[in-house]
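Under our numbering, read the sequence shown as residues 121 to 1163, first letter to last.
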Amino acid sequence: MVSVLPTANADIFYRRIGRVYNSWDELFKVDAIVVPVGRSAEIEYCKSLSSQEWLFGMEIPDLLMIFAKNAIVFLAAKKKIDFLKTLQINKDGVPKVTLLVRDKDDSNKANFEKILSIIKSNGTNLGVFSKDKFEGEFYEECLKNLYKPENNFERKDASPAMAVIMAVKDESELQYIQKACTATETTYSRVLLKELTTIIDKEKKVSHGKLSAKLNDAISKEAGRYLEGFDSRFVDTCYSPIIQSGGNYALKFATLSNDEDIHCGIIISSIGVRYRRYCSNVSRTLMIDPTEEQKKNYEFLLEVLELIINNLYEGAVLSDIYNSAVEFVKSKRPDLVNKLTKNFGFVTGIEFREGHMVIGPKTNVKAKKNMTFVISAGFTDLVNKSTSDPKAKNYALFVSDTVIVNEAGTPANLLTQRKRKLTKTMILLKNTDESEEEDEENNVADKPDNDVIMTESLRGGTRRRVLEDRLRQDQFNDEKRRQHQKELLEQINEAARARLSKSGGERVEQKAKKSVVAYKSTKDFPRENEISDLKIFVDKRNEAVILPVFGLPVPFHISTIKNVSTSVEGDYLYLRINFYFPGSTLEKGQTFPTTEATFLKELTYRSYALKEQGEVNPPAQNLNDSFVAIKTVQKKYKTRIDEEKELEGVVKQDTLMIANNKVGPKLKDLYIRPNIYQKRISGSLEAHVNGFRFTSIRNDKVDILYNNIKHAIYQPCDGEMIILIHFNLKSPIIINKKKQFDIQFYTEVGEITTDLGKRQHMHDRDDYAAEAAERDLRNKLKLAFKSFCDKVEAATKGDVQFEMPMRELSFYGVPKKSNVLLQPTPSALVNLTDPDPTVITLSEIELVHFERVSFQLKNFDMVIVLKDYNQKELHISAIEMSKLEEIKNWLDRCDIKFTSGTTNLNWPALLKRIKEDIDGFFNEGGWSFLDSDAEDEEGEEDEDESGDDQYNPSEDETEEEEDEDESELEEEESEYEDSEGELGSSEESGKDWSELEEEAAKADRNNRFEDAPATTGRRPNGAQAAKRKSYDDGRGGGAKKRR
């Protein structure tokens, strides 16, 4: 189980509570504010919970809050008090915070005595949120002790004053509301509008309630599918989406969608999306075949809304805004005054509707800068006199948007602008004139949109215009993508030329094999009897072997010995020592410093292997001991060299600064990958001043500094059996004597393996309980990990930012050995669940080439060429062909150039030739040869098709061609006969098999013209063909040979 120690944000708390105390005498006019909060699953919006969300960033049940003039008191259980401990600091203008822990032994008697003494020392006028009612033992206990008759407290509703203070949003709140508005507009366009279009187009019978439920699930459960860049855990609905049609309209947000089928007339829909508890709203009217009167009424409704937006600025009285709008309707359309809605909007924020701040006739509150409003206006009980359909007889019009108040004299800022114009809200089922269609296309061109264009005909002669519009939009997107790719090609060629010319190619030189010296002089020789007796001696300390050669002890360093072996032949034991010499196999990338010296290839020693009488050991015992000692020294030397190689690219990290003064973000019961030991062990990950420290239960420590992190990735457990935090490093660190660029901390959320021998039943209560426990565990883990990431980002001030994989853009492929799910993040392509993780940085990619792209195949391969041409290219194979367009669109959005071909290229040979002549490569077009191949293939296919369809020769032409073909065939037959004769003679003359195979292949080519169909095609430009030929890798990478 992973545990986290969250704490309240003291900066936000004191900044916002300071606004309360600054307005205390002006707005509240009480001695203390008492806010008891209990438990209730039914309460969605109330001032008590909203104030907690506003001050602490979360709702805390069973908490008593006391705000007095000289003290702030919180009473709750111990864990909740631990969360609030960070608030116990001194701030100017705000009383000191006192924290009281609940004591169930005496029913909090002592705690309530302290609280009552603090309240009475300030006075007896209490501010309360009178409409808020909760349940629970603690809540009842608070009411019983605080509101005793003998206390003589006078209670006053503090909700209006608190509403005014919370209505003015700070910068972070405005960002949340703007994101909520984006989510609302996107949901309306991508989900609701397309659903309605499909229902109308296919004449489906779908009820208002069913569509509302589907829309609610899309927001609450499938937000990650439709909303890119949003954390789906913080996305929710403000209310159940409202869909109304068929003459029954209630223009308010407290209504519910009924179970009647959607009627193709006037459809009013309202959606409200919350992001991080902050609300937004959009209401739109969709008109199907509207009459001229309906169009006129809708355009006038938009004028009323524009007037409200223009009059809504800092200092404006809300009742004056309402009255000015009503007067405008009276002067322009007096027949619609009685049809107007009762109010024109309200303040929104953490609570969707602030009832004390409504744009109505009795609200005398002034608007302030950075207040957010949901403005709404509509006409109800309108009559369509030109229809005989009873459900279309009565109709209503309604539009609502979310705005932010600006400074005095500046109209409010409209956050939800899409789909408001008349041309965007109509579906015409009847055929329209060409002139009208042209006007509509012009209107659409003013603001291109990926959504369905709503001003096209769906029936009559154009039954499937929606599909045609989508295809037309796809074609437009393809052309736009193709143009963008051409620009990217020019950019990468120029950037690569500048980068490589500046670095001078930076060719990697082969390392020369170091000249090793066993001893600098004879003085350093060990003083051993074996050396003086001319026996083989192994010096383990100096890693040398002293061998007798021609009566002299000659030292050899252990690195010069390639291998050593022993063998017994007859009565003798032979010890054979092989040495490295020019021409023998060396380690990859190493060469000898000079080849002019004299090198020894091998030495062989022989000794009698039989034990003589009276001897303890045979004479050959020294050879056996030397053999074992040489092997041992070789092994130790190789281990030492491998460790030095591992340390080559390792940069010494700074010292981790431990945060001793406060409890930092911490996750417990995590496993580390790669393992510290052979068997995995758990530990805790804690964030400190300048880095992370993982401490295992055996007290092993792994430090990761913030400045060494290239990618920090948090992957939740949605669809996975583990939840993890992954760090991809700039410079490797050593774990288990190996360099590691990827460090991962994870925990399991369920059983990864299943016992197939266990008998299971679909209604087994134990299984139900296990599934429920796993769901709870998943939610707790996601909350803990996300809280940890947020606190680290806040503590590092954005230096460490955690990315989340975008599962909706994922695809399966084989980057290394196994087929895994690859998921893009904003800056990388990753797979983190495999024991050998894959992290590809997007900024390091030069271009991506797709191989084996053919409709006849189910899979294709992806080759990633890095900007550093000395690094090996990366391959991802066996990707499903259905994912090709999605991957292309993703790469194009990331500004990464991609090309495609039907064959596999020999990339090592290709990159080698490029590095040998970099200037020549870019002078001849650079990477454009990959694009030109694709264009040539497309051109060939187009010409073949056009030749089959368009070329119809005349009779004279066909006769001439037949005569030419006959003469050609006669010549070929004679050549074939000659070749047969040559074949026989060559066989007799004793030619080898390779020559015979060449002659047979030539004969086959000549004979092939008898059955080959005539084809037409253009020849490539000579310069381009030469250009591609120069980089042909011999496997289809260059220009294709044409007849």
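Each residue gets a CB set at the ideal place from its N, CA and C atoms; glycine is no exception.
Range of the contiguous beta strand (DSSP E) that encloses residue i
i: residue 726; result: 722-728
i: residue 813; result: 811-816
i: residue 780; result: That residue, residue 780, is in no beta strand (DSSP E); it is neither H nor E in DSSP.
Residue i, DSSP secondary structure in three states
i: residue 81; result: Since the displayed the chain opens at 121 and closes at 1163, residue 81 lies outside it and no answer follows.
i: residue 546; result: strand
i: residue 258; result: helix
i: residue 1043; result: helix
i: residue 301; result: helix
i: residue 602; result: helix
i: residue 399; result: strand
i: residue 346; result: helix
i: residue 283; result: helix
i: residue 538; result: coil
i: residue 375; result: coil
i: residue 825; result: strand
i: residue 359; result: coil
i: residue 669; result: strand
i: residue 748; result: helix
i: residue 597; result: helix
i: residue 293; result: helix
i: residue 1019; result: strand
i: residue 369; result: coil
i: residue 689; result: strand
Nearest neighbour of residue i, chosen from the options [CA to CA]
i: residue 949; options: 938, 937, 965, 374; result: 965
i: residue 790; options: 817, 598, 810; result: 817
i: residue 352; options: 933, 445, 899; result: 899
i: residue 221; options: 230, 214, 213, 215; result: 230
i: residue 289; options: 488, 335, 445; result: 488
i: residue 241; options: 547, 461, 188; result: 188
i: residue 912; options: 599, 813, 317; result: 813
i: residue 1030; options: 1011, 1003, 983; result: 983
i: residue 722; options: 700, 971, 386, 445; result: 700
i: residue 300; options: 395, 244, 645; result: 395
i: residue 726; options: 370, 141, 656, 496; result: 656
i: residue 850; options: 844, 862, 128, 502; result: 862
i: residue 729; options: 658, 739, 372; result: 739
i: residue 464; options: 474, 457, 440, 496; result: 496
i: residue 677; options: 364, 645, 291, 615; result: 645
Counted within 10 angstroms of its Cβ, other Cβ atoms place residue i as buried (16 or more) or exposed
i: residue 1079; result: Residue placement at residue 1079 cannot be trusted, given a pLDDT of 44 that sits under 50; the coordinates are not used to answer.
i: residue 261; result: buried
i: residue 939; result: exposed
i: residue 670; result: exposed
i: residue 228; result: buried
i: residue 272; result: exposed
i: residue 345; result: exposed
i: residue 975; result: exposed
i: residue 826; result: buried
i: residue 133; result: buried
i: residue 802; result: exposed
i: residue 800; result: exposed
Limits of the alpha helix (DSSP H) - the one that residue i falls within
i: residue 426; result: 412-431
i: residue 133; result: 130-142
i: residue 328; result: 328-340
i: residue 1034; result: 1027-1036
i: residue 314; result: 313-322
i: residue 436; result: That residue, residue 436, is in no alpha helix (DSSP H); it is neither H nor E in DSSP.
i: residue 650; result: 649-652
Any non-hydrogen atom of the ligand MN closer than 7 Å to residue i Cβ
i: residue 850; result: The ligand MN is absent from the structure shown, which contains no ligand whatsoever.
Min CB distance residue i to chain C below 8 Å
i: residue 265; result: Going by chain labels, chain C is absent from the structure shown, which holds only one protein chain.
Worksheet item: What are the complete alpha helix (DSSP H) segments, minimum 4 residues, inside the region 159-246?
Response: 167-176, 198-203, 229-242
Worksheet entry | Any beta strand (DSSP E) of 3 or more consecutive residues that is wholly inside the region 948-1013 | 948-951, 958-961, 965-971, 979-986, 994-1000
Worksheet entry | Secondary structure, beta strand (DSSP E): runs of 3+ residues fully inside the region 438-505 | 465-467, 474-478, 492-503
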